[in-house]
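Colleague:
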Amino acid sequence: MAFADMMRKKISMPAHLMYDGCDDDLFEHFSAVAQRLGVYTAKDYADILEFLVTRWKVEELTGLSAEGRKAQDYVCGLPLRIRRLEERAQGRAKQTTTIPFSWIFNQQVRL
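Per our numbering, the very first residue in the sequence shown carries number 821; after that it's consecutive.
Here's what the structure looks like:
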């Protein structure tokens with residue numbers, strides 16, 4: 821249940837606090853560029869989560885309470901859910917815009 825609780829609350833990347841004094845959405849913009857370039861993608865996130873579910877044998881746990889089974893179903897279904905979300909995001913990514921990044925002298929970067 822702790823694993824499911826952690827995943828429901830989302831894991832915040834340390835860089836989510838990035839701020840350049842100009843762009844209030846800097847981390848979101850940076851993340852979009854990283855995703856587009858394949859640096860760290862939703863696929864990577866799903867792969868890591870799938871690895872942990874397998875390594876910890878979450879699907880094989882027995883004797884769980886109703887709440888525990890619900891948490892188990894949630895965690896075990898997350899990798900597929902994340903992959904589906906990524907597929908939808910890829911479709912939207914084709915309609916990208918550009919924004920300036922201050923640390924590269926306001927050069928326009930495609931999101």
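Glycine included, each C-beta is placed from N, C-alpha and C at the ideal position.
1) Suppose only complete runs of 4+ residues qualify. What are the alpha helix (DSSP H) ranges in the region 871-918, listed by chain order?
2) Would you check if there are 3 or more beta carbon pairs closer than 8 Å linking the region 906-922 to the region 876-886?
3) With respect to the alpha helix (DSSP H) encompassing V859, which residues constitute its N-terminal and C-terminal limits?
4) Between R901 and E870, what straight-line distance do the alpha-carbon atoms span, to the nearest angstrom?
5) Given that a residue counts as buried once 16 or more other Cβ atoms are within 10 Å of its Cβ, and exposed if not, what is P899?
6) Which of helix, strand or coil does DSSP assign to F850?
7) Buried or exposed for A835, going by 16 or more other Cβ atoms inside 10 Å?
8) Please list, in chain order, all residues of the same chain as Q855 whose beta carbon is under 8 Å from its beta carbon, the five residues on each side excluded.
9) Do you know how far the Cα of R903 is from the Cα of A866?
10) Verify the contact flag: G841, CB atom, against every heavy atom of the ligand MN, threshold strictly below 8 Å.
Modeller: Looking at the coordinates:
1) 886-913
2) no
3) Note, V859: premise wrong, no alpha helix (DSSP H); not H, not E.
4) 11 Å
5) buried
6) helix
7) exposed
8) T861, A862, A909, A913
9) 7 Å
10) Absence of the ligand MN is noted for the structure shown, with no ligands found whatsoever.
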